[in-house]
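Residue numbers (the numbering used here): 128 to 293. Where is the CB? At the ideal position from N, CA and C, for every residue including glycine.
See the structure below:
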């Protein structure tokens, strides 16, 4: 709860409708992660890779990521947009592909890579259903909020790419 309050404090500089939109996004992202974490096939992505189980992992994968770390990023308000969240899921997939090349003979590794594709498909499908159920595009609203915040800070970086998966 304390981490969530920290995210709210960051959003405090926003008008109430914008703060509410970002809060709704965090609620949705937590629900997505909760559903993904329940599925046994996604177990390899739940926690950071144990270096004792995969001693060369951190030499091959320079930007490791897992669902628990993503949950903490949600709580800290680090995902201002759905596209940023989906980009991290893509990073999970890229990491799996880097460590377990699809042409390899490692059956377990191929299962992990295929699970990473499934992870993205499920999260994307949940996002699509969520947008339809809401009746408006919360994800685009959050993109707009992010763009306004960047412009107001004098640091107008290009907007995060919209997820091609929706």
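- At a Cβ-Cβ threshold of 8 Å, residue 164 and residue 194 count as neighbours.
- The count of Cβ pairs closer than 8 Å, one atom from the segment 199-215 and one from the segment 150-157, reaches three, so the stretches are in contact.
- For residue 196, the secondary structure class from DSSP, reduced to helix, strand or coil, is helix.
- Judged by beta-carbon spacing, residue 233 lies beyond the 8 Å limit of residue 241, meaning their Cβ atoms are not closer than that value.
- Excluding its 5 nearest sequence neighbours in each direction, residue 160 has C-beta neighbours in its own chain below 8 Å: 194, 197, 198 and 201, listed in chain order.
- For residue 162, the CB contacts under 8 Å within the same chain, skipping 5 residues up- and downstream, are 249 and 253 in chain order.
- Each residue's CA atom was taken as its position, placing residue 261 and residue 281 some 32 Å apart.
- Here the C-alpha atom of residue 181 lies approximately 11 Å from the C-alpha atom of residue 175.
- Annotation for residue 235: the continuous alpha helix (DSSP H) segment containing it runs 234-261.
- The three-state reading of DSSP puts residue 147 in helix, counting H, G and I together.
- With fewer than 16 neighbouring CB atoms inside 10 Å of its own CB, residue 190 falls in the exposed class.
- Our two residues, residue 229 and residue 255, have alpha carbons roughly 28 Å apart in a direct line.
- When the beta-carbon positions are compared, residue 265 and residue 169 stay at least 8 Å from each other.
- Here residue 149 is near residue 269, since their CB atoms are less than 8 Å apart.
- In this structure residue 223 is buried. Its beta-carbon is surrounded by 16 or more other beta-carbon atoms within 10 angstroms.
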